[in-house]
Amino acid sequence: MVTKRINATLLPSPTDEIFRGEPGPDVDKALRRISDERPVVISREEVIAIGKDPEKAVGFPDSFGF
């Protein structure tokens, strides 16, 4: 027999309530806090390894330092 312990949230917590409210500045602030999108830089080889076409991937200029 194998015993596994899972640490998961199965029910909404009181802190999740902000996302269920009416639109407004507080909801916008909470959404920005969890959805800050930043590009993830990967190499040409990594693009190919995940089955994507490197010619269609977004590129960064050399001046960005990546």
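Under the working numbering, the first residue of the sequence shown carries the number 13, and numbering increases by one thereafter. Each residue gets a CB set at the ideal place from its N, CA and C atoms; glycine is no exception.
At which residues does the alpha helix (DSSP H) containing residue i begin and terminate?
i	result
residue 57	56-61
Looking at the structure shown, is residue i part of a helix, part of a strand, or coil, going by DSSP?
i	result
residue 41	helix
residue 76	helix
residue 66	coil
residue 48	coil
residue 18	coil
Using CA coordinates, which residue listed in the options is at the minimum distance from residue i?
i	options	result
residue 57	48, 51, 50, 67	67
residue 52	63, 69, 22, 40	69
Beta carbon of residue i: closer than 7 angstroms to some heavy atom of the ligand MN?
i	result
residue 77	The model on display carries no ligand, and the ligand MN is accordingly not part of it.
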